Amino acid sequence: MNQAERAGLTQRQLDSYWMPYTGNREFKSDPRIITAASGNYLTDADGRQILDSLSGLWTCGAGHSRPEIAEAVFKQLNKLDYAPGFQFGHPLAFQLSERICDLAPEGLNRVCLTNSGSEAADTATKIARAYWRQSGQASKTKILARQKGYHGASWGGISFGGIPANRKLWGQGLETDLLNHTWRSESVFSKGMPEHGAELADELESLIALHDASNIAAVIVEPFSGSAGVIVPPKGYLQRLREICTKHNILLIFDEVITGLGRSGAYWGAEAFGVTPDIITFAKQITNGAVPLGGVLLGEEIYDAFMTKGGAPHSVELPHGFTYSGHPVACAAAMATLDILESEQLIERVADKAPEFESKIHSLRGINHIVDIRNFGFAAGITLAAKAGDPTLRPYEVALECWRRGVYVRWGGDTLQFGLPFKIESDEMDRIVSTVAESIEALDPA
Ligand code: PXG
Ligand code: PLP
């Protein structure tokens, strides 16, 4: 019996679902089925308790199945299950937006709500293009981004995303160009931000020279690249991007779907890295993963460009939105999540414990096949040497061995990725680190 059978699933059920970003053939040959989760642990179909080293998919920092969120969601469903968000409103969407603005870096004081990080990236870049058009500069349409960047799976995200495997199947997307990523072989095993490499940002000047600022709407980057395996920017790099964008009148967008809401040891990567963009996108941790919700934060200068050019007063200034934008149940989950982050001081906790995590994860240096370790806040990535000419094989094998040993570790490309639960205990950190070491050793005994 495999886990699907033990979970009561039929082969037809297993076959019916085309799983996202999954090796469906491999998965269905030996399914890994999660049936419950609580705190820092997942429960699988065998009833095993599995330590969650990625907080779901970077989503559940406050721990799984929080009763406060469940209660808020249940109450909301009974009171107002849904309200049309186009031309009508409900209180929670406004209250949540104000609260996010209160937490935002100075100057970012307007919020759009979406259902996911992909929609947030689409929304942010659509607003950037429309903003320039509203401002009489309609030729500013190109979106610049960065190699190894991840901005979701919709047409926007795959057009300006920089992970090769996510692009190759789809053909032509939007007009974009990509900066180089900031991973450098000289900087391997850097703790936190690499000392050197700020000058990599100067490549933006070359791309601007090539395309001309009059054709560029925005630059979108993750403060640190998450999906690519936690690639942390060199000291001074983001400051330099900010200066160049300001100099050339190009909007700077930080995609904070992973770095936002605590993961960086601050509410925003912008705060942790000391650089304020023009637009921030967020998702994931905003509801602790319990209900889909994302959004975009921007300043009133952008908002006002639409309000003052919107035509007749009853006309729609931004013809954009989703059926579920600002869904009351998602807003209720977000309010409960922000309550928890504040009352349990979880972001302060991440900042306090990040140095402990840094030293523990870097203690893996020297283990066979580990060729780089990177970290920031409660995030880390480990690069493993290619096996049999395939860079993706070893991370997959190691992560599955970790799963067998009771620790959920995310693999992607040539990396293992960690996004610790904010309430992780020291012995649980130790267990993650020792399980990775033992798994590598077990697969390939010296
Ligand atoms: N931007 C960033 C920076 C992200 O990390 C998205 C946008 C898209 O969000 P949605 O909600 O549409 O998936 C993401 C999502 C991983 C992993 O293992 C990362 C994401 C999703 C799934 C897995 O690193 N990031
Ligand atoms: N497709 C059709 C036919 C629709 O009517 C709608 C929304 O009304 C959509 C797609 C978009 O759905 P959503 O607003 O949930 O993104």
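Its first residue numbered 79, the sequence shown is counted upward by one per residue in our numbering. Ideal Cβ positions, reconstructed from N, Cα and C, are used throughout, including at glycine. Small disclaimer: the values here were computed from a predicted structure and weren't measured.
Query	Result
Cβ-heavy atom distance between residue 333 and ligand 1 below 7 Å?	yes
I need the boundaries of the beta strand (DSSP E) containing residue 132, first residue and last residue.	No beta strand (DSSP E) contains residue 132, which DSSP labels as neither H nor E.
Is it buried or exposed for residue 337, if we count other Cβ within 10 angstroms and need 16 for buried?	buried
Taking the alpha-carbon of residue 222 as reference, which of 114, 291, 442, 507 has the nearest alpha-carbon?	291
Pick out whichever of 88, 398, 457, 513 has its Cα sitting closest to the Cα of residue 528.	Residue 528 lies beyond the range of the chain shown here (79 to 524); nothing can be said about it.
Between residue 231 and residue 196, which are expected to be in contact by the criterion C-beta below 8 Å, what is the C-beta distance as a whole number of angstroms?	5 Å
With distances taken from CA atoms, which of 455, 285, 269 is nearest residue 339?	455
Decide yes or no for the touch test of the stretch 197-206 against the stretch 345-360: beta carbon pairs closer than 8 Å, at least 3 of them.	yes
Can you say whether residue 157 is buried or exposed, counting buried as having 16 or more other CB atoms within 10 angstroms of its CB?	exposed
With respect to 7 Å, is the separation between the Cβ of residue 344 and the closest non-hydrogen atom of ligand 1 below this value?	no
Whole-angstrom Cβ separation of residue 334 and residue 352, contact assumed at under 8 Å?	No, residue 334 and residue 352 are not in contact; Cβ-Cβ is about 14 Å, not under 8 Å.
Drop a sphere of 10 angstroms on the beta-carbon of residue 428, count the other beta-carbons inside from all chains shown, and report buried for 16 or more, exposed for fewer.	buried
How many Å lie between residue 79 and residue 89 at the Cα?	12 Å
If you follow the beta strand (DSSP E) that residue 372 is part of, which residue opens it and which one closes it?	372-376
Which same chain residues, not among the five before or five after residue 522, have their C-beta less than 6 Å away from its C-beta?	none
Can you give me the Cβ contacts of residue 219 inside the same chain, cut-off strictly under 7 Å, excluding the 5 residues immediately before and after it?	207, 253, 293, 295
Alpha carbon to alpha carbon, what distance is there between residue 464 and residue 111?	28 Å
Excluding the 5 residues flanking residue 434 on each side, which residues of the same chain have their C-beta closer than 8 Å to its C-beta?	504, 507
Within 7 Å: the Cβ of residue 527 and any heavy atom of ligand 1?	Lying outside 79 to 524, the shown extent of the chain, residue 527 is not represented and no answer is given.
I need the DSSP call for residue 127, collapsed to helix, strand or coil.	strand
If you check the beta carbons only, do residue 25 and residue 492 fall under 8 Å apart?	Absent from the model: residue 25. The displayed extent of the chain is 79 to 524, so no value can be given.
Assuming residue 424 and residue 302 form a contact by the criterion Cβ under 8 Å, report the distance between their Cβ atoms to the nearest whole angstrom.	No, residue 424 and residue 302 are not in contact; Cβ-Cβ is about 19 Å, not under 8 Å.
Specify, as a first and last residue, the run of the alpha helix (DSSP H) that residue 181 falls within.	169-181
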